[in-house]
Amino acid sequence: MSVRQPDPSLPHPEGAESKISQGEELGRLKNCPASLEAALQRWGAIAPKAPCLTITHAGAKQPYTLTYGKLWSRSMKVAYYILHKLGTKQEPIVRPGDRVALVYPNNDPVAFLVAFYGCLLAEVVPVPIEVPLSKKDAGSQQIGFLLGSCGVAVALTSDACHKGLPKSLSGDIVQFKGWPKLLWVVTESKHLSKPPREWYPLIKDANNDTAYIEYKTCKDGSVLGVTVTRMAMLTHCQTLTHTCGYSEAETLVNVLDFKKDVGLWHGVLTSVLNMLHTVSVPYALMKVNPLSWVQKVCQYKAKVVCVKSRDLHWALIAHRDQGDINLSSLRMLLVADGANPWSISSCDAFLNVFQSLGLRSEVICPCASSPEALTVAVRRPSDSSSKPVGRGVLSMMGLSHGAIRVDTGEKLSVLTLQDVGTPMPGALMCVVKLEGVPQLCKTDEIGEICVSSIATGTSYYGLTGMSKNTFEVWPVSSTGVLVSECVFVRSGLLGFVGPGGASFVAGKMDGLMQVGGRRHNGDDIVATALAVEPMKFVYRGRIAVFSITVLHDERIVVVAEQRPDSTEEESFQWMSRVLQAIDSIHQVGVYCLALVPSNTLPKTPLGGIHLSETKQLFQDGALHPCNVLMCPHSCVTNLPKPRQKQPEVGPASVMVGNLVAGKRMAQASGRDLSQEDNDQFLFLPEVLQWRAQTTPDHILYTLINSRGAVGSSLTCLQLHKRAEKIAALLFERGQLREGDHVALVYPPGLDLIAAFYGCLYSGCIPITVRPPHPQNISTTLPTVKMIVEVSRSGCIMTTQAISKLLRSKEASAVVDLRSWPPVLDTDDLPKRRTPLLYKPCDPESLAYLDFSVSTTGMLAGVKMSHSATSALCRSIKLQCELYPSREVAVCLDPYCGLGFVIWCLCSVYAGHQSILIPPAELEVNPALWLLSVSQFKVRDTFCSYSVMELCTKTLGTLTNSLKARGLDLSRVRTCVVVAEERPRISLTQSFSKLFKDVGLHPRAVSTSFGCRVNLAVCLQGTSGPDPTTVYVDMRALRHDRVRLVEKGSPHSLPLMESGKILPGVRIIIANPETKGPIGDSHLGEIWVHSSQNASGYFSVFGEENVRIDHFSSRLSFGDTQTVWARTGYLGFLRRTELTDASGERHDALYVVGALDEAMELRGMQYHPIDIETSIIRTHKSITECAVFTWTKLLVVVVELDGSEQEALDLVPMVTNVVLEEHYLIVGVVVVVDTGVIPINSRGEKQRMHLRDGFLADQLDPIYVAYNM
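Dropping the structure here:
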């Protein structure tokens, strides 16, 4: 990766070291109770009728008021019940000190208050949590982790809440995911018995026992419990009483969540200490009437109100000059999220409108708080005479480098902050560096605010390691000296202390994103996105900003909910503007901007966005966006530098270098081809005639039908006689002469074989062609037409059915029917046989043409001479030990390459019986191949990757039922995948694992390797060591180097040997550029020398400039005499410690990939399969994938097997994985339906056809994402 160098011109802190600031002294409050329980006892006794809490429900006419007398008596009941009525006298379930969950809905503060004080009186520790609404609630699992770690076994709840919880069929409350088993207790008074007269709770002074545990959700979604002691709770209430000036019987309106944070501290704790009257405004009422809290302030002439900036914003929108509003009673409007950088605009706007309605400016008091440090600072409700409100206008650029730079307010790229007041009474405050030792910051540096006070949390419950880091901070100076005797607590807030001693908060540690060495605050980015006239397109409160780590740096992701009425075009424009705004204001690129349908983001109970859950959904590919913009090109600046090609070292130097280093050159060969008994026949037609005479009734071929029965078979004599008749047909009806070319258009079967030998008998040159697919004529017929034309076929032989198809109406729409050569159908053959069979005289004369479409879309026909054909059959016969008593099952396409040789030629040459299973029948009966192998007790079988993949996908879950049907693969000695590519190791391994249960030996499965110049270079065979697997470093491979690594090491790629080198085949590895030989274990092109090499291209269609030297190359150095054929595949040879059948050390050949397929990007060599493997692994709905390049951009096409709403989930996942694993930026992601990526008969992807379809706009994609 490229490493950034620090730039000295960028802003960096330069001020003096900051000092510890101190709050005023906390004076004794006169006749203050010694604990909260003592306060409750006092008010319950002396003012039982005093109102404690009033609540208005959204539907209710009259508010309900709980008095202090009722609170005292009901709390006593709860305390007695949980201590004495749960369990037995000997075995109580709850003892003092145990933790108990409080599960109350947000609209029932009364029941919560009773339960909370009931716990305090019973000396039980309450753990308030949210109500789980369903088993899959956002963050519910983490709450379960919190309950488990706190050892909670009992949950207190209200009647209504209990009724609403999801139940199982038996009526019990369901077990929520990740939650411990809980006993649910309903705390309504009517369900509880009255405590006996003599029972009385023990009222103690505040001590260091735990009072309650407040939950806190971390950046990663985990939930921790902050422990607050009774002493800290009481002291905190006293400091709040001091700073807010609370006095007995005042009225407080609380709009906040009463279960935690400022809402709990003011509305539940401090209010009872001071006998305040709290008026609670639930979230449900706010949704119906956003002005309700303002109306409550007027109605009750409240002195204090606790709100969030959102409530100010809502009230502003709902306010329509109501005349009866008067806010002059307010002494303090406490803004709980005043530390949020964008609360200031709401405060200003609210003051602007309501100042005329009695609201005084000094009443607005922002405060800063955190679950760990409790209240950090509050702006005091001052008299107008005291010092003015603090404002700071800071440069965003400076902040991102951690430096405070005052700027002017006219610019967009500034952040305006309001002060949050001075430290709390009796507290110390300091600002320490964000990373490393807690060293004091400079005065112009942003750091984390730390607090030392009795009134803070003391630990994360049950997590000592994490607690130490947060709750035991000892600040040091730049010289490393301790600056205070006191221990500090980290608040998780970022900020600084201004010149006048007021604190400023610029963000939260949790919202911090470190991108490219600079720090950005998630809330600031949300504010910028909101500034781009959002109301038309997205919802104000529903934007999530987070970062994900891709390629060793954090990348910013923005997710927003789109309004249902905005069009795609409008949304796209808004997205583009947001990207520009964030770029110009923050000078940072957004990696991904996604819009999701309205109401689909996971919410917190009070309606905010559950950030960590949203991030998790995004990373799991489960967010289902409806619009995505990825901008990796501008964001990802740390890619490795493009590789500069060095001048090649000359071939002589390479060779000398290897010799000096004592390394052998990469060359290997199979054993010698010995002369055998029937090798007096050079030509296949002669072998067939000899077999027809010596073993006329020996069955050579058996064709299996889709039901698994023998459909038809051919003996030696039957095949000979049919071939004679076909030869007669060619002479008589076809008027063909020796040397004429005949296209054989047959389905896989016995007709094809008979027609092939009929051609040989007549001296014609056969070309096997796959017939057009009746359901897909438009795409399959042109290939047939092209092969017939390019091969210069004088006639087509086929069945009656296909003959009709070639002349059908559907076909006429695709090709000109008059352009077909004569078509002979072989269903009715002439009775007479030909008088004289053709006898070839020259071994080098042409036997047949082998046409194949390569994966790059190139149609290449190669010439196979009689001698090469016989040498190939002899080589396979030796390698696989084939002889007449053997049976071999074949399930692959018989049209080209080794597949054709095994289907049509080997049985005639070696005399074994071939059991033929047409792959198309597997679509009807997927188990056909394996059941046939089992039924005929076959020891050797050949298949294609398509067949193996079909079996793996469709039969994977059915192995038990197949076993019951008698499937037994224990006799299989070799199962060879016929291929012209790098072995697909993951597929062969899954196949071996799946069918191990039905007896398949894992060592049986191997692959072969062939190519155009030599149809079979390697084939496992029966003797010799098992194929070995090595692991190479993928990064080295991109630089054309082979570096062997251990299994499981990062960036390792497994390569399996492609079977054993066949007898009579010699291999060297040569540099494709210099044609010099290469050393052992080095990457180069595989060259072969063998009597079974094809003798040249007949014609190459689609790439006329293909080099003639494919078939006749010579090394530029060393052995310059031998003539080699170039395979066009990169690979390497490696001498192993294993021993060959001949007793020599075994040389393994590893195929890496085709030179034609390799893509050069950023100066490096990539093989599509490696990128595709990474992509397929990334999401369960990606079934297939293909990559290609287009104008230097990498294009990824993925097939989606799932609902279309998942399509856009794939775009970021694909982009991420290719960046992470291959250091490439994806230019275009195309999501298509399954089956769009074209695959040839060998199961190889036709990437160039796909590319042509993409460029011609024929893919009909579900979605195309152009990564900007």
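Using numbering that gives the first Met the number 0, you'd call the opening residue of the sequence shown number 0 and step up by one each time. Even for Gly, the Cβ is constructed at its ideal location relative to N, Cα and C.
Inset, instruction - Measure the alpha-carbon distance for THR973 versus VAL887 and round it to whole angstroms. - result: 10 Å
Legend entry - Counted within 10 angstroms of its Cβ, other Cβ atoms place ILE316 as buried (16 or more) or exposed: exposed
Legend entry - GLU371 burial status per 10 Å Cβ neighbour count (16 or more: buried): buried
Legend entry - As assigned by DSSP and simplified to three states, the class of ARG517: Assignment of ARG517 by DSSP, reduced to helix, strand and coil, places it in the strand class.
Inset, instruction - Can you tell me the Cβ-Cβ gap for GLU187 and SER157, rounded? I've got them flagged as a contact below 8 Å. - result: 6 Å
Legend entry - Any non-hydrogen atom of the ligand NAP within 6 Å of GLY96 CB: As presented, the structure is devoid of all ligands, the ligand NAP included, so that no description of it is given.
Inset, instruction - Assign TRP1123 to one of three DSSP states: helix, strand, or coil. - result: Residue state, collapsed to three classes: strand.
Legend entry - Unbroken beta strand (DSSP E) run spanning TRP71, endpoints: From DSSP, TRP71 is part of no beta strand (DSSP E) but of the alpha helix (DSSP H) over 67-83.
Inset, instruction - Could you work out which residue in SER1202, ILE916, VAL1229 and ARG1161 is closest to ASN1185 when comparing CA atoms only? - result: The residue you asked about is not Asn; residue 1185 is Ala in the sequence shown. Of the listed residues, the one whose Cα sits closest to ALA1185 is VAL1229.
Legend entry - Three-state secondary structure assigned by DSSP to TYR459: strand
Inset, instruction - May I have a chain-ordered list of the alpha helix (DSSP H) segments no shorter than 4 residues that lie completely inside the stretch 280-326? - result: 282-287, 291-299 and 308-317
Legend entry - N-terminal and C-terminal residue of the beta strand (DSSP E) that ILE128 is part of: ILE128 -> beta strand (DSSP E) spans 124-128.
Inset, instruction - Can you check DSSP and say which residues form a bridge with TYR199? - result: Its beta-bridge partners do not exist; DSSP assigns none.
Legend entry - SER17, buried or exposed, once every other Cβ within 10 Å from all chains shown has been counted against 16: Around the Cβ of SER17, a 10 Å sphere holds 16 or more other Cβ atoms; the residue is buried.
Inset, instruction - Taking VAL900 as the reference, give the member of VAL937, ALA978 and MET947 with the closest Cα. - result: ALA978
Legend entry - Every unbroken beta strand (DSSP E) within the stretch 205-242, with a cutoff of 3 residues, ordered by chain: 209-216 and 222-228
Inset, instruction - Note the first and the last residue of the continuous beta strand (DSSP E) segment covering PRO365. - result: 363-369
Legend entry - Distance, LEU275 Cα to SER246 Cα: Computed Cα separation, rounded: 8 Å.
Legend entry - Local conformation of LYS808 per DSSP, three classes: helix
Inset, instruction - Flag this pair as yes or no: are the beta carbons of ALA754 and MET796 separated by less than 7 Å? - result: yes
Inset, instruction - Please determine, among THR234, SER279 and ILE453, the residue with the shortest C-alpha to C-alpha distance to MET428. - result: ILE453
Legend entry - Where ASN677 falls: helix, strand or coil (DSSP): Only weak support exists for where ASN677 lies, its pLDDT of 47 falling under 50; the coordinates are left without a value.
Inset, instruction - Determine the burial state of THR1119: buried for a count of at least 16 other Cβ atoms within 10 Å of its Cβ, exposed for fewer. - result: exposed
Legend entry - Cβ neighbour criterion (16 or more within 10 Å) applied to ASP107: buried
Inset, instruction - Take the Cβ of SER884 as the centre, count every other Cβ of all protein chains shown within 10 Å, and call the residue buried at 16 or more, exposed below. - result: exposed
Legend entry - CB contact flag (GLY397, PRO650, <7 Å): In this structure, PRO650 does not lie closer than 7 Å to GLY397 by Cβ.
Inset, instruction - Give the range of the alpha helix (DSSP H) segment to which LEU730 is assigned. - result: The question names Leu, but residue 730 in the sequence shown is Phe. That run of the alpha helix (DSSP H) goes 715-731.
Inset, instruction - Measure the C-alpha to C-alpha separation of PRO771 and VAL813 and round it to an integer number of angstroms. - result: 12 Å
Legend entry - Sequence-distant residues of its chain with Cβ nearer than 7 Å to ALA870 (five each side left out): LEU672, GLY1063, SER1090 and GLN1091
Inset, instruction - Would you be able to state if there are at least three C-beta pairs under 8 Å between the stretch 47-58 and the stretch 168-184? - result: no
Inset, instruction - Specify, as a first and last residue, the run of the alpha helix (DSSP H) that THR613 falls within. - result: Counting along the chain, the unbroken alpha helix (DSSP H) around THR613 starts and ends at 610-619.
Inset, instruction - For LEU481, collect the residues of the same chain with a Cβ closer than 8 Å to its Cβ; drop the 5 residues on either side in sequence, then sort them by chain order. - result: TRP473, PRO474 and VAL475
Legend entry - Rounded separation between THR1121 and LEU759 - CA only: In a straight line, the C-alpha of THR1121 is about 32 Å away from that of LEU759.
Inset, instruction - Given a cut-off of 7 Å, decide if GLU560 and ARG541 are closer than it, judged by their beta-carbon atoms. - result: yes
Legend entry - With 16 other Cβ atoms within 10 Å as the buried cut-off, status of GLU13: exposed
Legend entry - Validate contact between the stretch 783-801 and the stretch 736-744 using beta carbons, cut 8 Å, 3 pairs: yes
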